[in-house]
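Notes for the one structure printed next.
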Amino acid sequence: MRADLKKGKFLHYAVLWVAAFLGCAVCNARADIYRYYDDNGVLHVTDAPPDSRYKLYIATKKTPSALTTALESRRYRQIPPKRRSIYHEQIMAAAKTFSLEPELLHAVISAESAYNPLARSPKGARGLMQLMPGTAKRYGVQNSYDPVQNIIGGAAYLKDLLTMFGNDLQLAVAAYNAGEGVVMKHGYKVPPYRETMQYVPKVMSYYRQYKDTL
Numbered sequence: 020m021r022a023d024l025k026k027g028k029f030l031h032y033a034v035l036w037v038a039a040f041l042g043c044a045v046c047n048a049r050a051d052i053y054r055y056y057d058d059n060g061v062l063h064v065t066d067a068p069p070d071s072r073y074k075l076y077i078a079t080k081k082t083p084s085a086l087t088t089a090l091e092s093r094r095y096r097q098i099p100p101k102r103r104s105i106y107h108e109q110i111m112a113a114a115k116t117f118s119l120e121p122e123l124l125h126a127v128i129s130a131e132s133a134y135n136p137l138a139r140s141p142k143g144a145r146g147l148m149q150l151m152p153g154t155a156k157r158y159g160v161q162n163s164y165d166p167v168q169n170i171i172g173g174a175a176y177l178k179d180l181l182t183m184f185g186n187d188l189q190l191a192v193a194a195y196n197a198g199e200g201v202v203m204k205h206g207y208k209v210p211p212y213r214e215t216m217q218y219v220p221k222v223m224s225y226y227r228q229y230k231d232t233l
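If you use our numbering, the sequence shown closes out at 233, no skipped numbers anywhere.
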């Protein structure tokens, strides 16, 4: 949904038109509205900003549908404490070695493999923390399916990412998913890739949950 309007003698009508546009978006889509004026004085209005030129104009309260709620619940499904406890000692040891929060390691493992040490992604990521072959080699992991090696390699990588991005947790998590070069390329922001934009809040959700329970 998008509208482009020119400043000038039709401003009065433009304002009325935009009001109608916004009202429609708010009532039906329940979406935030963004706008910006370009160099020619054209007002651009949208509920799906394509770039950073658009600034938030109207924030609406989003009421998730039952389907959305179900999908979110499934995406962030609870990991049974018994399953998390299997590798808790190894996670605690790695967290101490690399000065990391064990809750962060648990969160990444929950999002990456749900504690399946034999997990393998279509792209070739392996093990608990889903190390790519290049990352495993960089950190001296000879067998990514070995839980201890995998946790140590993943923890070392996370520590380097946190150092690289000034301890910005979300950027480090985004880089863990998309690669540090991609985050840098996008101006040290979470890259606008669907997978990464879903992955970061997923890890952060687990992280907050574990901060309250572990």
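For every residue, glycine included, the Cβ atom is placed at its ideal position computed from N, Cα and C. Keep in mind that this is a model prediction, so the values were computed, not measured.
How many whole angstroms separate the CB atoms of residue i and residue j, which I take to be in contact at a CB cut-off of 8 Å?
{"i": "A11", "j": "P210", "result": "Here the chain comprises residues numbered 20 to 233, so residue 11 is not present and cannot be evaluated."}
{"i": "Y53", "j": "V127", "result": "Their Cβ separation, rounded to whole angstroms, is 32 Å, which puts Y53 and V127 out of contact at 8 Å."}
{"i": "L124", "j": "I170", "result": "7 Å"}
{"i": "T154", "j": "G172", "result": "7 Å"}
{"i": "I77", "j": "D57", "result": "About 20 Å separates the two Cβ atoms, so there is no contact after all."}
Can the beta-carbon of residue i be found less than 8 Å from the beta-carbon of residue j?
{"i": "V167", "j": "Q109", "result": "yes"}
{"i": "A147", "j": "S132", "result": "In the sequence under discussion, the amino acid at residue 147 is Leu, which differs from the Ala named in the question. Against a cut-off of 8 Å, the Cβ pair of S132 and L147 comes out as a contact."}
{"i": "A197", "j": "T182", "result": "no"}
{"i": "A130", "j": "V222", "result": "yes"}
{"i": "I98", "j": "Y134", "result": "yes"}
{"i": "A114", "j": "E120", "result": "yes"}
Are there 16 or more other CB atoms within 10 angstroms of the CB of residue i, so buried, or fewer, so exposed?
{"i": "K101", "result": "exposed"}
{"i": "S163", "result": "buried"}
{"i": "R213", "result": "exposed"}
{"i": "P69", "result": "exposed"}
{"i": "C74", "result": "Checking the sequence shown, residue 74 turns out to be Lys, not Cys. Per the 10 Å Cβ criterion, exposed."}
{"i": "D66", "result": "buried"}
{"i": "V61", "result": "exposed"}
{"i": "R72", "result": "exposed"}
{"i": "L137", "result": "exposed"}
{"i": "D231", "result": "exposed"}
Using a Cβ-Cβ cutoff of less than 8 Å, which residues in the same chain neighbour residue i once the five nearest sequence positions on both sides are dropped?
{"i": "F117", "result": "A174, A175, L177, K178"}
Got a sec? Which residues, its chain only, sit under 7 Å from residue i by beta carbon, not counting five neighbours each side?
{"i": "Y229", "result": "E122, H125, A126"}
{"i": "Y226", "result": "E122, L123, A126"}
{"i": "E199", "result": "L180, M183"}
Beta-carbon within less than 6 Å of residue i's beta-carbon, same chain only, minus the 5 sequence neighbours each way: which residues are those?
{"i": "D187", "result": "none"}
{"i": "M203", "result": "none"}
Would residue i count as contacting chain C if we go by Cβ distances under 8 Å?
{"i": "T182", "result": "Among the chains of the structure shown, chain C does not appear; only one protein chain is present."}
Report task. Could you tell me which uninterrupted alpha helix (DSSP H) segments, each at least 4 residues in length, are contained entirely in the region 132-195, listed from first to last along the chain? Result -> 152-157, 166-183
Query raised in the report: At which residue ranges does the region 97-129 contain complete alpha helix (DSSP H) runs of 4 or more residues, listed in the order of the chain?
Result: 100-104, 107-116
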